[in-house]
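Written below as C-alpha cells is the structure these notes are about.
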Amino acid sequence: MIQIKPRSSDAARMLPTVGTWATAATEERDVNTEIIRESWSALAGHRREFIEAFYARLFERYPQYRGLFPENMNAQLERMIEMLSSLAEFAEHAHLLEPHLRKVGFAHRKTGIHASDVENFKDTFLDTLATFAATGDADTQRRAWREAFDEVIIPLFDEGLERGRSVS
Ligand code: HEM
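Just so you know, the working numbering puts 361 at position 28 of the sequence shown, and the rest follows in order with no gaps.
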C-alpha cells in the first residue's frame, strides 16, 4: 500500500488499500502532503498560468520535446491541471491515485521517453513552482513536491509506462 504520510495530521484517517498491484511503489512513502495541498491551493486562480509557464519553460530548455505534443496545447494543459488537482486533493489517500498515475504513465508508451526526460520534467516543474510560490517557504515547497515526484508520481508513472511498453 502506498501511504503518503501526513506529517502533522492523523494517519488513522487513511483509507484501506484498494488494488493489488504489489510493486516497489507500494512501500510506505513519506511525503509532506500538507505542503502539497497548501501550495496547490495557493495557486488557485493562477493554475492555468502556472501550467502554461511550466510548458513554456520545458520547451525553452528542451526544444526537442515540443514536437511530441500537439500544436494546440489546450487539452494537455487541462489534463495536467486535473492530474495535479487530484494529487493535491487525494494526497493523504494516495492509493486512490495509483490507477490514475499508472494510466498517465501508460499514456506515454509511444513517446519514447527515458528516465532522464522524466527528471527534466520534474526539475522544470520544481523551478516553475519556485517562481510562483507567493506564500510559504519556497524550499519546503520544493522539497515536498520533489518527494511527491520521487516517491509517488514517478514510480507509478514508470510502472504504467513499463506496462504500456510491454503490451505495445
Ligand atoms: C512524471 C512526469 C510526467 C507527468 C506527470 C506527465 C503528465 C502527463 C499527463 C497528465 C498527460 C495527459 C495524459 C492523458 O492523455 O490523459 C500527459 C501527456 C503527454 N505527455 Fe506527459 N507527463 C510526464 C512526463 C512527460 C515527458 C518527460 C514527456 C516528454 C518529453 C511527456 C510528453 C507527453 C506527451 C507527448 C503527451 C501527449 C500529449 C497529447 O498528445 O495530447 N510527458 N503527460
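We put the beta carbon where it would ideally sit given N, CA and C, even for glycine.
Could you check whether residue j and residue i sit closer than 8 Å to each other, using their CB atoms as the reference points?
i, j, result
"F490", "L434", "yes"
"L376", "F465", "yes"
"G493", "S372", "no"
Please identify the residue among the options whose C-alpha is closest to the C-alpha of residue i.
i, options, result
"E367", "L494, N453 and R475", "R475"
"E385", "M413, T468, A448 and R370", "M413"
"V364", "A421, H447, R399 and H441", "A421"
"E495", "L391, K443 and N405", "K443"
"L401", "L417, E425 and G445", "G445"
"V500", "L429, H441, S419 and E393", "H441"
"L430", "A448, S374, V485 and G497", "V485"
"E393", "V437, S449 and T457", "T457"
"P396", "V437, D450 and S419", "D450"
Can you find a C-beta in chain B that's less than 8 Å from the C-beta of residue i?
i, result
"R498", "Absence of chain B from the displayed structure is noted, only one protein chain being present."
Can you tell me whether residue i is buried or exposed? The criterion is at least 16 other CB atoms within 10 Å of its CB, across all chains shown.
i, result
"P488", "buried"
"G378", "exposed"
"A481", "buried"
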